[in-house]
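Number of protein chains: 2
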Amino acid sequence: MGLIVQKFGGTSVADAERIHKAAARAIAAKKNGNEVVVVVSAMGDTTDDLIDLAKQVCKFDGKEISPPKREMDQLLVTGEQVTIALMAMAIEAQGEHSISFTGGQIGLLTDEAFSKARIQSINKHRIFDQLRLGKVVIVAGFQGVTPEGDYTTLGRGGSNATLVALGAVLDADVCENYTDVDGIFTADPRIVKNARKIDRISYDEMLELSGLGASVLQTRAVEFAKKYNVPIHVRNSQNENEGTWIVVETSNMEQIVVSGAALKKDLTRVTIKQVPDYPGVAAKIFGDIASANIVVDDIIQNLMDDNTANISFTVEHGDLADLKTVVDRICKELGGKCIAIYHGDLAKVSVVGVGMRVHTGVAQRMFKALAEAKINIQNITTSEIKISCIISKDQGDKALQVVHDAFELHKAP
Amino acid sequence: MGLIVQKFGGTSVADAERIHKAAARAIAAKKNGNEVVVVVSAMGDTTDDLIDLAKQVCKFDGKEISPPKREMDQLLVTGEQVTIALMAMAIEAQGEHSISFTGGQIGLLTDEAFSKARIQSINKHRIFDQLRLGKVVIVAGFQGVTPEGDYTTLGRGGSNATLVALGAVLDADVCENYTDVDGIFTADPRIVKNARKIDRISYDEMLELSGLGASVLQTRAVEFAKKYNVPIHVRNSQNENEGTWIVVETSNMEQIVVSGAALKKDLTRVTIKQVPDYPGVAAKIFGDIASANIVVDDIIQNLMDDNTANISFTVEHGDLADLKTVVDRICKELGGKCIAIYHGDLAKVSVVGVGMRVHTGVAQRMFKALAEAKINIQNITTSEIKISCIISKDQGDKALQVVHDAFELHKAP
Numbered sequence: 008m009g010l011i012v013q014k015f016g017g018t019s020v021a022d023a024e025r026i027h028k029a030a031a032r033a034i035a036a037k038k039n040g041n042e043v044v045v046v047v048s049a050m051g052d053t054t055d056d057l058i059d060l061a062k063q064v065c066k067f068d069g070k071e072i073s074p075p076k077r078e079m080d081q082l083l084v085t086g087e088q089v090t091i092a093l094m095a096m097a098i099e100a101q102g103e104h105s106i107s108f109t110g111g112q113i114g115l116l117t118d119e120a121f122s123k124a125r126i127q128s129i130n131k132h133r134i135f136d137q138l139r140l141g142k143v144v145i146v147a148g149f150q151g152v153t154p155e156g157d158y159t160t161l162g163r164g165g166s167n168a169t170l171v172a173l174g175a176v177l178d179a180d181v182c183e184n185y186t187d188v189d190g191i192f193t194a195d196p197r198i199v200k201n202a203r204k205i206d207r208i209s210y211d212e213m214l215e216l217s218g219l220g221a222s223v224l225q226t227r228a229v230e231f232a233k234k235y236n237v238p239i240h241v242r243n244s245q246n247e248n249e250g251t252w253i254v255v256e257t258s259n260m261e262q263i264v265v266s267g268a269a270l271k272k273d274l275t276r277v278t279i280k281q282v283p284d285y286p287g288v289a290a291k292i293f294g295d296i297a298s299a300n301i302v303v304d305d306i307i308q309n310l311m312d313d314n315t316a317n318i319s320f321t322v323e324h325g326d327l328a329d330l331k332t333v334v335d336r337i338c339k340e341l342g343g344k345c346i347a348i349y350h351g352d353l354a355k356v357s358v359v360g361v362g363m364r365v366h367t368g369v370a371q372r373m374f375k376a377l378a379e380a381k382i383n384i385q386n387i388t389t390s391e392i393k394i395s396c397i398i399s400k401d402q403g404d405k406a407l408q409v410v411h412d413a414f415e416l417h418k419a420p
Numbered sequence: 008m009g010l011i012v013q014k015f016g017g018t019s020v021a022d023a024e025r026i027h028k029a030a031a032r033a034i035a036a037k038k039n040g041n042e043v044v045v046v047v048s049a050m051g052d053t054t055d056d057l058i059d060l061a062k063q064v065c066k067f068d069g070k071e072i073s074p075p076k077r078e079m080d081q082l083l084v085t086g087e088q089v090t091i092a093l094m095a096m097a098i099e100a101q102g103e104h105s106i107s108f109t110g111g112q113i114g115l116l117t118d119e120a121f122s123k124a125r126i127q128s129i130n131k132h133r134i135f136d137q138l139r140l141g142k143v144v145i146v147a148g149f150q151g152v153t154p155e156g157d158y159t160t161l162g163r164g165g166s167n168a169t170l171v172a173l174g175a176v177l178d179a180d181v182c183e184n185y186t187d188v189d190g191i192f193t194a195d196p197r198i199v200k201n202a203r204k205i206d207r208i209s210y211d212e213m214l215e216l217s218g219l220g221a222s223v224l225q226t227r228a229v230e231f232a233k234k235y236n237v238p239i240h241v242r243n244s245q246n247e248n249e250g251t252w253i254v255v256e257t258s259n260m261e262q263i264v265v266s267g268a269a270l271k272k273d274l275t276r277v278t279i280k281q282v283p284d285y286p287g288v289a290a291k292i293f294g295d296i297a298s299a300n301i302v303v304d305d306i307i308q309n310l311m312d313d314n315t316a317n318i319s320f321t322v323e324h325g326d327l328a329d330l331k332t333v334v335d336r337i338c339k340e341l342g343g344k345c346i347a348i349y350h351g352d353l354a355k356v357s358v359v360g361v362g363m364r365v366h367t368g369v370a371q372r373m374f375k376a377l378a379e380a381k382i383n384i385q386n387i388t389t390s391e392i393k394i395s396c397i398i399s400k401d402q403g404d405k406a407l408q409v410v411h412d413a414f415e416l417h418k419a420p
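Heads up: the sequence lines are chains A and B, in that order.
Note that the first sequence covers residues 8 to 420 in the numbering used here.
Note that the second sequence covers residues 8 to 420 in the numbering used here.
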């Protein structure tokens, strides 16, 4: 007996049959005595199809423009709007009452950062009114509206942001995130065959894992869930199994040294050498890179004997072309002998666990396991609950397996 | 130099190439010194595809529900929203500035009659603000929003209602209705080969022709245009020809006896015999039929010797199944010997012209032409500017041609 917010991603609502499966799940939760709010994404490839259409009309006379972001959001929000209407119809066809709302219809206000807007407020009253009438309330994920009435989208994984934001404002007992996997695993089960589903994990651990390539939940949604202390239950839409609960850290979680391991492939290490060493130079470099919307990680700076610095960091392959343009400009502006060197084909293997705060020897155990497998560590970065090693990409899968073995993650804690 | 509202129907925006053609036309109007607002429909078959999707999810477990109307409108409005975004992008790609608005975004408020809502008001200020900034403003046709924020659709031909309503509130110099034909013809050119494009026609004549089966403009849009005196220019989106101007009646229009002829096929004549003759019985019959959303026409009532009445009228074939259910119920309720007889395979040929008000002998000329062609007239109905004859369906095409010939409609007046 409580209030549940469920979210079904694009593959879980890809056709009429799957929409009915998701509808049946919402109805089951209602029949168990809960009030139920359902967040849905666009059906299957709808969003990609709309983006293709936009690209077509943005070509004219041999030239091509970037789609204006406001119009792109005006276009993309239709994808979720189609799904909410169909989901409400499916629930009615199964004999329960339902009503659908777009982001705008529940006053999901955002800033005006089209394509990556941030949620500012939600008017919960219209939802509560309909829940009180006994209806299953369907809400379009991924979208909001500016105070002026323009449609916005919330960026990649935006439907999860909607899920968690609704969980927070409605003070939900749980946010159920339905995907096509059984939950969060100790490592990617496509690589590590004996990876184990995690039953409970803390927000902080999930944040680290999300940032390290575990793609089920985006960092932003987890941050939001942590801030408002909304439990998230990641489950498989195709079965009834318990999934993974993402919850506030409890004291017994620290007994587990390492909760999970992650592998990020396709990294390039960039080293800018002979950077003049004066205050603000790092801020300039990383400010320029951030302005180009490129995410960097694993920053290391070394001061050299000649009073210049070497600054290195990693980026994902996909961002490399853009990055090179920015770095070339930076080097010109900095002058001197500044030069950039690129090492491609790298990967990063990481272990994450709040238990690291109280247990010692974690790093050593990781390094030893990698060394015994003859995997060379090129760089190490750490946080309070994470250790990452940059290694050669072709040893990535092996590294993930040996680290997983070293901490015996296949065994239930 | 003025304000033009253009409307492009579904076939004129069916793909990226046609969207660019429509965009070019809007830009040309702007470069001629006009402020330009563009109303668009959903692309090609989009609306039908969405309706199919809705039908799919409304089936469950061997049963089928009618799609809830609010959710159907929530679904269907996405069709036009996709087109407005793409049209705005296409105009930007061609180098002009543009902004798109949904019905809700320009405060196009309607009543809550989902699927056939009526426009109540439009907030023109947001449109004027953007026109003043030099932008081509794109508006989604066919849709509005209730004061509570629910999406509504305006019924069949709703994009034309949007066109004319915008023309009225913006005090436009002209509403250009782009279709795939050259304008309004003296008769359907697929049947009458020597039909002639009409240059100018009055609102009243167009109202009659629309009601009689000329499908370019719906009756409601013409009514609205007449009420607010908005000139409509029906044009072909594939060429630059002058089309047909639908305008307020001028005195010289009466010099033309007949402006056009029309044929409506697939009619059934329903005769309810032995109806008890007491006050209010006709009101009851036609009230019940109207409640079932069935349109009837050509009503004739004859009082019989036995103090019962015969009431007959025509309906379109598509409504026949629904009508029979209603009529059976009515007959039971009226009691007595009340019985309904159905004559299918009928057609109605009509001539329309404001000149009938001042010219005599029009009816005679029509009847004579039909008689000479051995076409039997089963019923006649008239209005001040229209004469209609019910005939056998298989003589419909021939009747249209002989009437067209009799009034020499192929000749320019």
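Here a beta-carbon is modelled for each residue, glycine too, at the ideal position from N, C-alpha and C.
Quick caveat: nothing in here was measured; it's all calculated off a predicted structure.
{"Check": "Residue burial classification, K142 of chain A (beta-carbon count within 10 angstroms, cutoff 16)", "Outcome": "buried"}
{"Check": "Chain-order list of residues whose beta-carbon lies under 7 angstroms from that of A97 of chain A (same chain, five-residue window excluded)", "Outcome": "I26, H27 and A30"}
{"Check": "Any 3 or more C-beta pairs closer than 8 angstroms across the stretch 105-116 of chain A and the stretch 182-200 of chain A", "Outcome": "no"}
{"Check": "8 angstroms Cβ cutoff, P154 of chain A in contact with chain B", "Outcome": "no"}
{"Check": "Chain-ordered chain B contacts of S107 of chain A [CB-CB under 7 angstroms]", "Outcome": "E78 and Q81"}
{"Check": "T85 of chain B to E391 of chain A span [Cα, whole Å]", "Outcome": "48 angstroms"}
{"Check": "Whether L353 of chain B touches S399 of chain B by CB criterion (8 angstroms)", "Outcome": "yes"}
{"Check": "CB contact flag (G9 of chain A, S48 of chain A, <8 angstroms)", "Outcome": "no"}
{"Check": "According to DSSP, residues forming a beta bridge with R336 of chain A", "Outcome": "In DSSP, R336 of chain A forms no bridge with anything."}
{"Check": "Segment contact, 8 angstroms Cβ cut-off, at least three pairs: the stretch 76-90 of chain B with the stretch 49-61 of chain B", "Outcome": "yes"}
{"Check": "Short-range partners of chain B found in the stretch 212-242 of chain A, where Cβ spacing is below 9 angstroms", "Outcome": "none"}
{"Check": "Through-space distance from T315 of chain B to C345 of chain B, alpha-carbon basis", "Outcome": "9 angstroms"}
{"Check": "Cβ-Cβ separation, D326 of chain B to I198 of chain B (assumed contact under 8 angstroms), whole Å", "Outcome": "With a Cβ gap of about 23 angstroms, I198 of chain B and D326 of chain B do not count as contacting."}
{"Check": "Cutoff 8 angstroms: K66 of chain A Cβ touching any chain B Cβ", "Outcome": "yes"}
{"Check": "Cβ pair count under 8 angstroms reaching 3, the stretch 195-210 of chain B against the stretch 263-274 of chain B", "Outcome": "yes"}
{"Check": "Option nearest M213 of chain A by Cα separation, candidates A:Q402, A:V20 and A:K393", "Outcome": "A:K393"}
{"Check": "Residues that H132 of chain B contacts on chain A, provided the C-beta gap is smaller than 7 angstroms", "Outcome": "Neighbours of H132 of chain B on chain A: none; closest Cβ ~12 angstroms, over 7 angstroms."}
{"Check": "Terminal residues of the beta strand (DSSP E) in which V44 of chain A lies", "Outcome": "E42 to V47"}
{"Check": "Nearest-angstrom beta carbon gap, M373 of chain B and V358 of chain B [assumed within contact, 8 angstroms]", "Outcome": "6 angstroms"}
{"Check": "Residue-level contact to chain A via CB, L60 of chain B, 8 angstroms cutoff", "Outcome": "yes"}
{"Check": "C-alpha distance - A36 of chain A paired with L219 of chain A, whole-angstrom precision", "Outcome": "33 angstroms"}
{"Check": "Exposure label - V188 of chain A; buried when at least 16 CB within 10 Å", "Outcome": "buried"}
{"Check": "Nearest candidate by alpha-carbon position, reference A290 of chain A, set A:Q225, A:Q308 and A:G362", "Outcome": "A:Q308"}
{"Check": "Residue interval of the beta strand (DSSP E) (run including N309 of chain B)", "Outcome": "D304 to L310"}
{"Check": "Rounded C-alpha distance that separates R364 of chain A from E261 of chain A", "Outcome": "8 angstroms"}
{"Check": "8 angstroms Cβ cutoff, E421 of chain A in contact with chain B", "Outcome": "Coverage of chain A is limited to positions 8 through 420, which leaves residue 421 of chain A absent and any answer about it impossible."}
{"Check": "Selection of the stretch 22-41 of chain B by Cβ proximity to chain A, strictly under 7 angstroms", "Outcome": "A23, I26 and H27"}
{"Check": "Expected contact under 8 angstroms - CB spacing of F192 of chain A and K204 of chain A to nearest Å", "Outcome": "6 angstroms"}
{"Check": "Cα-Cα separation, V322 of chain B to V46 of chain B", "Outcome": "33 angstroms"}
{"Check": "Of the listed residues B:T332, B:L224, B:V282 and B:E78, nearest to A299 of chain B (C-alpha basis)", "Outcome": "B:T332"}
{"Check": "Counterpart residues of A354 of chain A in DSSP-defined beta bridges", "Outcome": "A:I398"}
{"Check": "Stretch-stretch touch, CB-based, cutoff 8 angstroms, three pairs: the stretch 148-155 of chain A with the stretch 115-122 of chain A", "Outcome": "yes"}
{"Check": "Proximity test, Cβ basis, 8 angstroms: G16 of chain B and chain A", "Outcome": "no"}
{"Check": "Among B:L341, B:I296, B:I301 and B:L224, nearest to P286 of chain B - alpha-carbon criterion", "Outcome": "B:L341"}
{"Check": "Whether A33 of chain B touches V43 of chain B by CB criterion (8 angstroms)", "Outcome": "yes"}
{"Check": "Exposure label - M94 of chain A; buried when at least 16 CB within 10 Å", "Outcome": "buried"}
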